[in-house]
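Enquirer: When we follow the working numbering, the leftmost residue of the sequence shown carries the number -6, and every step to the right adds one. All C-beta atoms, glycine included, are put in the ideal place defined by N, C-alpha and C. Handing you a structure now.
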Amino acid sequence: MAANPPTSRPQRTIKHSVEFQGAGLHSGREVKVVVRPAEPGTGVTFVRTDLEERPEVQALCNYLKPRDRRSVLMSNGAEVHTIEHLLGSLWALQIDNATIEIDGDEVPGLDGSAQPFVAALRGAGVVDQRAERKCFRVSEPVFVREGDSTLVALPGNGGLSIEYHLDYSHIEGLNGWSKQSVTFSITPDCFADEIASARTFVFEHEVQQLREAGFGRGATSQNTLIVGSGGVRENSLRYEDELARHKVLDLVGDLATLGADLDAHIIATRSGHSLNLRLVQELLESMHAEENRGSVVRESGMEIREIFNLLPHRYPFLMIDRVIELEGYKHAVGIKNVSINEPFFQGHWPEQPIMPGVLQLEAMAQLAGVLLLRKLENTGKLAVLWSIDKVKLRGAVVPGDQLRIEVDTIRAKPSVSHVDARCKVAGKLVAEAQLKFTLVDA
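Right, here's the structure in full:
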C-alpha cells in the first residue's frame, strides 16, 4: 500500500493557553483541562497533573485503546478517557503541538459536542512554527472490516474527505432515524461550522443498561441526545443528520492519533472507535513503509532546533550541527563543524589538537538517535547505546575539518535497533562502526 511522497505545511501551536472545566460524560467527575502551547515536533501530549510524577501520555495511536462509547489513551501507567472530541478539534484546526494538562482521567463532556473546544481554541489563536508538518497521501486502498462495519481509505484529492453511512436498521422502532449519510471535506472551517457542534447520542432502550454498567454518570438529556421512536427526548436536533455528523466527529478524533495530516477519501459504514483504530494502525503502517522507501520532503534536512526536539544532548556534548539528508528511517547524513574552540581540544591535545575517536563514535550514535526517534511510536523515548562493534578509526580529525556523519539502518525493532555508521572528512573515511541501541522511556 504505497503513498505518494508526503507534502508538508508549517507545524502550528496555539498562541495562548485555554481552559475547560466540567464533568466527564462517563465518570461524572469534575475535571479541569488546560491546553498550553508546545514546542515544534512535540505533538499533542496529555499530562495527568493529579498523579504523582505527572505522567505524560502521547496522543498517538500506539497508545490508543478503544473502549465502549469512547477512546482511551494509556501510557506510563496513566489513562485519559473520552479524548476524541478534543483531539479531533486540535487536528481539524491544524494545531499540531499542544500540552494538555488534565487533573482527572476523563476529558469533560461539556455540551456533548466539540463546539466548545473549537470556539476556545480558535479564540486562543494559532501560530506557525519553524518545523514542517508531515502529510501522508494514500495512493492505494486501505480496507478494514468488523462484521457489517467497514472503513476504506482511498486516494484523496488534495485533502481529507469523509463519507459516513450510518445504519441502525437492525434496531426496531427508530422510524426515520435508522439511516443517515453525510459527506464532508475536512477543512478547519468545515469542521467548525458543520461537524463540531454535532452531539453524542444514545438510544433510549440502551440508557438503563449503560447506567447499570457504569457508563453515562455525567450524561444528561442536554449533553447527550437520547433517541427513541418518538424522536429526541427533552432536546432538539441541531441538524436532521446530527447522528451521522457526530460519527464523523468521532472518526476525525481517532484519525488525529495518526500524528500527521492525511490526504485521503474515507468511506465509513457503521464504523465506531474500535474499527477507527484499526484503520489508523493500517494507515500508520503504510506511512512507515513509504517513508522507508522514500525521502522526507525537506531540502534543508533538519536544523539545530529540530535536533533539540529529538535529542536530549546540549552543548558542549551535542555532536551534530545539522542534518542534511533524511531518507525515511533508513538513512541520514549529518554535519559537525570541528572548531578550534571545541572544549575537548583543551586537553586532547593543546599543542597538537585531535578530535577523540570516542567523540566521533558519539556523533555517529547521536545521528542514529535522530533517525530512530523520528518514528511516531518512538516519541518520548531515548536511544541508549547497547553495543559497539567493528570499530575502525582510520584518520585524524583536526580543527577546521567538517565531519560528515552517515548512518544506515540495518534493523529497527522496538527492543534493539542496529545501524551501520561512518564519519568522513573531505570524502575520506576517518571512522566507522556498527552500533546497537535499545529504546527506553525518557
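What residue does the beta strand (DSSP E) around residue 57 start on, and which one ends it?
Expert: Segment 57 to 60, the beta strand (DSSP E) holding residue 57.
Enquirer: Could you spell out the range, first to last residue, of the alpha helix (DSSP H) harbouring residue 297?
Expert: Taken as a continuous stretch (DSSP letters only), the alpha helix (DSSP H) holding residue 297 covers 297 to 303.
Enquirer: Give a yes or no on contact between the stretch 85 to 98 and the stretch 22 to 41, applying the rule of three or more CB pairs nearer than 8 Å.
Expert: Yes: at least three Cβ pairs fall under 8 Å.
Enquirer: On a Cα-Cα basis, can you pick out the residue from 244, 398 and 308 that is closest to residue 318?
Expert: Checking every option, the nearest Cα to that of residue 318 belongs to 398.
Enquirer: Once DSSP output is grouped into helix, strand and coil, what is the label at residue 10?
Expert: Residue 10: coil per DSSP, three-state reduction.
Enquirer: Where residue 290 and residue 204 are concerned, what is the direct C-alpha to C-alpha distance, given to the nearest angstrom?
Expert: Because residue 290 carries a pLDDT of 39, less than 50, the predicted location of this residue cannot be relied on, and the following value inherits that uncertainty. Taking the straight line from one Cα to the other gives about 50 Å.
Enquirer: Return the residue from the list 56, 261 and 352 that minimises the CA-CA distance to residue 174.
Expert: Taking only the C-alpha atoms, the option nearest residue 174 is 261.
Enquirer: Excluding sequence positions up to five away, which residues of its chain have a Cβ less than 7 Å from the Cβ of residue 297?
Expert: 314 and 315.
Enquirer: Can you tell me whether residue 7 is buried or exposed? The criterion is at least 16 other CB atoms within 10 Å of its CB, across all chains shown.
Expert: Answer is buried; the Cβ neighbour count reaches 16.
Enquirer: Within its chain, find whatever has a CB closer than 6 Å to the CB of residue 194; leave out the 5 residues flanking it on each side and keep chain order.
Expert: Excluding residues within five positions, the ones whose Cβ falls inside 6 Å are 218, 220 and 236.
Enquirer: Within the continuous alpha helix (DSSP H) that includes residue 235, where are the two ends?
Expert: Counting along the chain, the alpha helix (DSSP H) containing residue 235 begins and ends at 235 to 248.
Enquirer: Label residue 421 either buried or exposed according to how many other C-beta atoms from any shown protein chain fall within 10 Å of its C-beta, with 16 as the threshold for buried.
Expert: Exposed, because fewer than 16 other Cβ atoms sit within 10 Å of the Cβ of residue 421.
Enquirer: Can you tell me which of the three DSSP states residue 267 falls into?
Expert: Note: residue 267 maps to helix in three-state DSSP.
Enquirer: In the DSSP assignment, find the unbroken beta strand (DSSP E) run with residue 159 in it and report its ends.
Expert: Segment 153 to 160, the beta strand (DSSP E) holding residue 159.
Enquirer: With a threshold of 6 Å on Cβ separation, who are the neighbours of residue 336 within its own chain once the five nearest residues in sequence on each side are excluded?
Expert: So the list reads 309, once near-sequence residues are dropped.
Enquirer: What residues in its chain sit with their C-beta under 6 Å from that of residue 184, if we drop five residues either side in the sequence?
Expert: Same-chain partners within the cutoff: 85.
Enquirer: Under 8 Å, with one C-beta from each stretch per pair, do the stretch 371 to 385 and the stretch 422 to 435 reach the 3-pair mark?
Expert: Segments in contact, yes.
Enquirer: Quick one: using the 10 Å Cβ neighbour count with 16 as the cut-off for buried, is residue 243 buried or exposed?
Expert: Residue 243 comes out buried.
Enquirer: Could I get the ranges of all uninterrupted alpha helix (DSSP H) runs contained in the stretch 161 to 228, with 4 residues as the minimum, in chain order?
Expert: Listed in chain order, the complete alpha helix (DSSP H) runs (minimum 4 residues) inside the stretch 161 to 228 are 200 to 205.
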